[in-house]
Amino acid sequence: MYNAMLAIHSWTRWVVLVAAVAALVNAARSLGAPDSDAKLPGRLYDTLFMASMDLQLLFGLLLYFGLSPFTKEAMSNIGSVMSTSQLRFWSIEHPFGMLVAIVFVRVGRITSGNAATPASARKKRLVWFALALLVVLVSIPWPGLPNGRPLFRLGE
Ligand code: HEM
Numbered sequence: 005m006y007n008a009m010l011a012i013h014s015w016t017r018w019v020v021l022v023a024a025v026a027a028l029v030n031a032a033r034s035l036g037a038p039d040s041d042a043k044l045p046g047r048l049y050d051t052l053f054m055a056s057m058d059l060q061l062l063f064g065l066l067l068y069f070g071l072s073p074f075t076k077e078a079m080s081n082i083g084s085v086m087s088t089s090q091l092r093f094w095s096i097e098h099p100f101g102m103l104v105a106i107v108f109v110r111v112g113r114i115t116s117g118n119a120a121t122p123a124s125a126r127k128k129r130l131v132w133f134a135l136a137l138l139v140v141l142v143s144i145p146w147p148g149l150p151n152g153r154p155l156f157r158l159g160e
C-alpha cells in the first residue's frame with residue numbers, strides 16, 4: 005500500500021506541474037486580452053491547477069498520517085526530527101512548502117475573483133500562481149538533492 009501510494013503521489017507531481025504551467029501560460033496570455041473579454045479568461049485552467057494540488061494534498065496526507073515510515077518515525081521520536089535531515093525534510097519541509105503553495109493558489113483565485121478591474125484581476129492571478137509554482141518546484145525532492153527521489157517511479 006505504501007509503495008503504491010508513493011508511486012501515485014510521485015506521478016501526480018507531473019499532473020500538478022503540467023496543470024501549473026498551463027494555468028501560468030493562460031494567466032500570462034490573458035494580460036493582453038481586451039477589457040471587454042471575460043474578467044479572467046480560461047478559468048478552467050485555474051480550476052484544474054487547484055484540483056490537481058488538492059488531489060496531491062490528499063495523497064500527501066495519506067502518506068503523512070498513515071503510510072510513510074519517515075513520518076511515523078518522526079511522530080514517535082519528535083526530539084530527533086530537527087537534527088535528522090531526512091525526518092525534517094519529510095515531516096516538516098516538504099509538507100510545509102506544499103501547503104504554502106496550496107494556500108497561494110487559493111489566494112490567487114480569491115483575490116483575482118474579488119479584484120475591481122480585469123487588469124488587476126489578471127495580474128493578481130499571474131503573480132500568485134507564479135509564486136505557487138516556484139514554491140512547488142523548490143519543495144519537490146528532485147534527484148541529486150539530499151532527499152532526492154526518482155523522477156519517474158516504476159514499481160518496487
Ligand atoms: C503539490 C503538492 C505536492 C507535490 C508536487 C509532492 C511531490 C512529492 C514527491 C515527488 C515525492 C517523492 C515520491 C517518491 O518517492 O517517488 C513526495 C513524497 C512525499 N510527500 Fe509530497 N508532494 C506534494 C504535497 C504533499 C503534502 C501536502 C504532503 C503532506 C501533507 C506530502 C507528503 C509527502 C510524504 C509523507 C512523502 C513520502 C515520504 C516517504 O515516505 O518516502 N506531500 N511528494
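Under my numbering, the sequence shown has 48 at position 44, and the numbering climbs by one with no breaks.
No residue lacks a Cβ here, since even glycine has one placed at the ideal position from N, Cα and C.
Sequence-distant partners of V104 (beyond 5 residues in either direction) whose C-beta falls short of 6 Å from its own C-beta, in its chain, are V139. In the structure shown, the three-state DSSP call for N7 is helix.
Of the candidates R129, R113, T16 and R157, the residue whose Cα lies closest to the Cα of M57 is T16. Cα atoms of V29 and P145: separation of roughly 24 Å, rounded to the nearest angstrom. Under the three-state reduction of DSSP, L52 is assigned to helix. Contact between the stretch 66-78 and the stretch 27-43 is absent, with fewer than three C-beta pairs closer than 8 Å. I106 has its alpha-carbon roughly 12 Å from the corresponding atom of L62. Runs of the beta strand (DSSP E) lying entirely within the stretch 13-94 and spanning at least 3 residues: none are present. Secondary structure of F133 (DSSP, three-state): helix.
Relative to ligand 1, even the nearest heavy atom lies 7 Å or more away from the CB of V109.
Secondary structure of N151 (DSSP, three-state): coil.
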